[in-house]
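**Q** Going by the numbering used here, the sequence shown opens with residue -3, and the numbers climb by one from there. Beta carbons: idealized from backbone N, C-alpha and C, even for Gly. Source: prediction; values computed, not measured. Okay, here's the structure, questions in a sec.
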Amino acid sequence: MNQLNALAGGLFILTIFGIAAVRQVIGCLRLFVIQSVLLAASACILGYAYASPHLFAVAGITIAAKALLIPWLLYHVLSHVIHERREITQALNIATSLLIATGLTIFAYFIVHPLLIEGSTAFIKINLPVGMAGLLLGGYVITVRREALPQLLGILTMENGAFFAGISIAPNLPLIAELAAAFDVLIIALVMGLLARKIQKRVGTTLVGEMARLREE
């Protein structure tokens, strides 16, 4: 089970690397779906190991909200122009972006290492560093991307990272908290999607920097 969870964690980080580097907006959205499925897979693995029905519920909520509903909402709310065109407006080139992402991942492991006390389970030793890396890399995606949708995916990635760590630390978190968090994420995704569509219709782009022009109009 540890090997499967480690595999899910490694692939989880790779999806964030992809979101930071992929040039096509729809590709970023697909990687987020895969990332959410991997989060659900880790929750299922831990749920089986801990015999925790709460973690199986987390997996179900994650699949329903993040792998299905949020991508569906974003795909239908945003213009097809946004989905189909290549996103060339990013702060750094791909090679530099991936190099920095690698450095942040290593840094995340250094941050978490002092927190891994003796007696920590193997799942915590996997999920906590991966979750911290998800938080840092999600924040990095927000800074390196200039388009509204990839920045939104950076926010959602940070939330996924927090959950990836949280399911190992608090496997019996009350279900109501999971439902509340999922609802909040849905609202954020819908509002950001509508905002991106508004920007695109007004100024012909989803560059966040163009919001100044939208305000002037």
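Nearest-angstrom Cα distance between L145 and I165?
**A** 30 Å
**Q** Using a Cβ-Cβ cutoff of less than 6 Å, which residues in the same chain neighbour C24 once the five nearest sequence positions on both sides are dropped?
**A** I15, V18, P146 and L149
**Q** With a CB to CB cut of under 7 Å and the five nearest residues on each side skipped, what residues in its chain are close to K121?
**A** L112
**Q** Are A97 and F13 touching if we call contact CB-CB under 9 Å?
**A** yes
**Q** Is it buried or exposed for M154, if we count other Cβ within 10 angstroms and need 16 for buried?
**A** buried
**Q** Please list, in chain order, all residues of the same chain as L27 whose beta carbon is under 7 Å from its beta carbon, the five residues on each side excluded.
**A** T11, G14, I15 and V18
**Q** Assess contact between the region 52 to 66 and the region 35 to 44, defined as three or more Cβ pairs (one per stretch) separated by less than 8 Å. Is contact present?
**A** With a cut-off of 8 Å, the region 35 to 44 and the region 52 to 66 count as touching, because enough Cβ pairs lie within range.
**Q** Expressed to the nearest angstrom, what Euclidean distance is found between the alpha-carbon atoms of G135 and L94?
**A** 14 Å
**Q** As a quick exercise: from Y46, S32, F8 and I102, pick the residue whose alpha carbon is nearest that of A118.
**A** It is Y46.
**Q** Alpha carbon to alpha carbon, what distance is there between L133 and Q86?
**A** 15 Å
**Q** Which of the three DSSP states is assigned to R26 in this structure?
**A** helix
**Q** Over the uninterrupted alpha helix (DSSP H) stretch that includes I113, give me the two end residues.
**A** Neither: I113 is in no alpha helix (DSSP H) and is coded neither H nor E.
**Q** In or out: M128 buried (at least 16 other Cβ within 10 Å) or exposed?
**A** Buried, because 16 or more other Cβ atoms sit within 10 Å of the Cβ of M128.
**Q** In whole angstroms, what is the alpha-carbon distance linking M298 and L69?
**A** Limits of the chain in this structure are -3 at one end and 213 at the other, which puts residue 298 out of reach.
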